[in-house]
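Same order as they appear, the protein sequences are chains Z and U.
Counting in our numbering, the first sequence runs from 1 upward without gaps.
Counting in our numbering, the second sequence runs from 242 upward without gaps.
All residues carry an ideal CB built from backbone N, CA and C; glycine is no exception.
Worksheet for the structure shown next.
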Amino acid sequence: MHNARVAEILSALTHDRADATSLPERLCAACLSALPITGVGVALMTVDGPSGVVLAATDGLARQLEELQFALGEGPCVEASDHGRPMLHSDLAVAGPARWPRFGAAVIEAGVHAIFAFPLRVGAIRVGVLDLYRDTPGRLTTAELADATAFADAATVVVLHLQDHHAFSAFAAPIDGRAEVHQATGMITIQLGITLAEALLRLRAHAYATGRTVSAIASDVVNRRMSFDGGEPGTMTQDRP
Amino acid sequence: MTSREQLIATTFVDLADTLVADFDVIDFLHTLATRSVELLDADAAGIMLADQHGGLHVMASSTEEARLLELYELQNNEGPCLDCWRSGRPVARADLAEMRSTWPAFTQRLEDLGFHSAQALPMRLRTQTIGALNLFRAKPGRLSEADLGIGQAMADVATVGLIQERAIAAGELLATQLQTALTSRVQLEQAKGVLSQRSGLPMGQAFQLMRDYARSHNRLLSDVAAHIIDGSISDDQLGRSR
Numbered sequence: 001m002h003n004a005r006v007a008e009i010l011s012a013l014t015h016d017r018a019d020a021t022s023l024p025e026r027l028c029a030a031c032l033s034a035l036p037i038t039g040v041g042v043a044l045m046t047v048d049g050p051s052g053v054v055l056a057a058t059d060g061l062a063r064q065l066e067e068l069q070f071a072l073g074e075g076p077c078v079e080a081s082d083h084g085r086p087m088l089h090s091d092l093a094v095a096g097p098a099r100w101p102r103f104g105a106a107v108i109e110a111g112v113h114a115i116f117a118f119p120l121r122v123g124a125i126r127v128g129v130l131d132l133y134r135d136t137p138g139r140l141t142t143a144e145l146a147d148a149t150a151f152a153d154a155a156t157v158v159v160l161h162l163q164d165h166h167a168f169s170a171f172a173a174p175i176d177g178r179a180e181v182h183q184a185t186g187m188i189t190i191q192l193g194i195t196l197a198e199a200l201l202r203l204r205a206h207a208y209a210t211g212r213t214v215s216a217i218a219s220d221v222v223n224r225r226m227s228f229d230g231g232e233p234g235t236m237t238q239d240r241p
Numbered sequence: 242m243t244s245r246e247q248l249i250a251t252t253f254v255d256l257a258d259t260l261v262a263d264f265d266v267i268d269f270l271h272t273l274a275t276r277s278v279e280l281l282d283a284d285a286a287g288i289m290l291a292d293q294h295g296g297l298h299v300m301a302s303s304t305e306e307a308r309l310l311e312l313y314e315l316q317n318n319e320g321p322c323l324d325c326w327r328s329g330r331p332v333a334r335a336d337l338a339e340m341r342s343t344w345p346a347f348t349q350r351l352e353d354l355g356f357h358s359a360q361a362l363p364m365r366l367r368t369q370t371i372g373a374l375n376l377f378r379a380k381p382g383r384l385s386e387a388d389l390g391i392g393q394a395m396a397d398v399a400t401v402g403l404i405q406e407r408a409i410a411a412g413e414l415l416a417t418q419l420q421t422a423l424t425s426r427v428q429l430e431q432a433k434g435v436l437s438q439r440s441g442l443p444m445g446q447a448f449q450l451m452r453d454y455a456r457s458h459n460r461l462l463s464d465v466a467a468h469i470i471d472g473s474i475s476d477d478q479l480g481r482s483r
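And the structure:
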């Protein structure tokens, strides 16, 4: 199943601490070796578009791709993040220049023929984008696409947790897909006046600290047995270990 | 035409209309779920779709109870929707006694929520089954043959529409289409939480409010969800649409 593969990818990243590379760098390297591609990059994205921060890239060209999209404000990663869907361009020479006048021309010249961009999103939370590129045209197979989406989900967890230093220990688990987890995230956002991303991190950190599952805590929040603002019955204080 | 015939006609047109620029899978599946309840002798409906790994996801439901029942089926790996998706055929039992012997845990839960009948119709095109439509009734027994025929036709048209949409959007990309749908679904849940906490309404009512607003303002449910989250639709505005 999908989440088992995401967990496997995350676990390999955390256990392989032999060198001094960062988590996003290791994730990109793992993605590169698992798929028939030439390079991988991860960049931060905001609601307004690319942030200009490239977290990791397997090579100079992968980095250049991210920087170009930031500089020009156009390209598949921008669209992937906006639409919340993967953008798969298996032959840029055919469609690229018409679609993105400046970015399209620049990438062809740089020798990039296919780009597969995956949004790193949890609902309304946008953390970044995972870009895979190839120096030859051609599609990814369904199995390769499934694996690429697993890498994107793993990258979402990595990037989300990079923004929160306290909760880093809670990092290795894939994001629980249950509806209650996301409902609870929405509730905590309002309870604490923080962003959705921060609320999700708080929820995960609390689960980790109390040794309970994220979905169990979420269920308590949704059923109003527990509140993160400390003002309601069954508050955080009482639930703390 | 009677008003029911008119609604049937409108529903088929709506379900076939997937090749539009702002097509939204979640909105589309909610239409299928709610129209199933309006047109058939059913009290609640839910829809599951499969991903490329064969995992099923609850994508839409007409009520919170239907959603809970579908989640329960997935967690316990038992129930009509699962059997239907696996076999690609309609699944029903004649009465509660037969339901209890086939799906003991599921039927118990069904009765706890006030229902006495559940059956499922496949969402299938030729050899490909992409999911199932679950229909729940407060009364015991199966739907009439006439209702079943209409229900299956709705599920068929919706399936053709979805497969078409996937084909147009990106060729082979069941994988990416489902990811889009899941992103919308997650965003919807986040918005429900935000609204429920701000307004003090239970989750189900918060969702109903969002859906009423989307319908009366002719906007996509996922857009409404995004704007509830970023605060550009206020609770007052939502309340006024009632």
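- When the five nearest sequence neighbours on each side are left out, the beta carbons in the same chain lying within less than 8 Å of the beta carbon of A335(U) are those of G382, R383, in order along the chain.
- Inside the stretch 363-438 of chain U, DSSP marks whole alpha helix (DSSP H) runs of 4 or more residues at positions 386-411, from first to last along the chain.
- In this structure, L35(Z) places its C-beta atom within 8 Å of the C-beta atom of A148(Z).
- In the structure shown, M187(Z) falls within a helical segment according to DSSP collapsed to helix, strand and coil.
- Close partners of R439(U) in chain Z (Cβ separation under 8 Å): I190.
- Closest in alpha carbon position to G39(Z), among A143(Z), A30(Z), M45(Z), is A30(Z).
- Boundaries around V127(Z) are those of the beta strand (DSSP E), 125-134, since no alpha helix (DSSP H) includes it.
- Under the Cβ criterion of 8 Å, G84(Z) is counted among the residues facing chain U.
- Along the stretch 180-213 of chain Z, the positions whose C-beta sits under 7 Å from a C-beta of chain U are H182, Q183, A184, T185, G186, M187, T189, I190, Q191, L196, read in chain order.
- For the stretch 112-129 of chain Z, the beta-carbon criterion of a distance under 9 Å to any beta-carbon of chain U is satisfied by F118, P119, R121, V122, G123, A124, I125.
- In this structure, V222(Z) lies away from Q191(Z), with their beta-carbon atoms at least 8 Å apart.
- In the structure shown, the three-state DSSP call for A335(U) is coil.
- Contact annotation: P321(U) and Q393(U) have beta-carbon atoms that are not nearer than 8 Å.
- Under the DSSP definition of a beta bridge, I288(U) partners with A301(U), L374(U).
- Listed along chain Z are V122, G123, H182, each with a C-beta nearer than 7 Å to that of V427(U).
- Within its own chain, no residue has a Cβ closer than 6 Å to the Cβ of R245(U) once the five positions on either side in sequence are excluded.
- Counting the other CB atoms within 10 Å of its CB gives A257(U) a total below 16, which places it among the exposed residues.
- It is roughly 42 Å from the alpha-carbon of R224(Z) to the alpha-carbon of L88(Z).
- Between the C-alpha atoms of M187(Z) and S437(U) there is a straight-line separation of about 7 Å.
- Taking 8 Å as the CB threshold, T149(Z) lines the interface with chain U.
- For M444(U), the closest Cβ of chain Z is nearer than 8 Å.
- Within the same chain, G41, V54, A57 come within 7 Å of R63(Z) by CB-CB distance, once the 5 residues on both sides are set aside.
- The Cβ atoms of T421(U) and V266(U) lie closer than 8 Å to each other.
- Straight through space, the alpha carbons of D135(Z) and V181(Z) are spaced by roughly 40 Å.
- Taking 8 Å as the cut-off, the beta carbon of A285(U) is found no closer than this to the beta carbon of L374(U).
- Put simply, of Q360(U), S303(U), D397(U), L323(U) the residue whose alpha carbon is nearest the alpha carbon of F253(U) is D397(U).
- Take the alpha-carbon of G355(U) and the one of R26(Z): they are about 52 Å apart.
- At least 8 Å separates the beta-carbon of L72(Z) from that of R99(Z).
- Listed along chain U, the residues sitting closer than 7 Å to V222(Z) by beta-carbon distance are M444.
- Proximity of H161(Z) to chain U, defined by a Cβ-Cβ separation below 8 Å, is not satisfied.
- From the beta-carbon of V266(U), no residue of chain Z is found nearer than 7 Å; the closest lies around 10 Å away.
- Residue ranges of uninterrupted beta strand (DSSP E) with 3 or more members, entirely inside the stretch 16-104 of chain Z and ordered along the chain, are 39-46, 49-57, 87-89.
- Between E314(U) and chain Z, the shortest Cβ-Cβ separation is not below 8 Å.
- Among the CB atoms of chain Z, one or more fall inside 8 Å of the CB of G434(U).
- Contact between the stretch 106-120 of chain Z and the stretch 144-158 of chain Z is present: three or more C-beta pairs spanning the two stretches fall below 8 Å.
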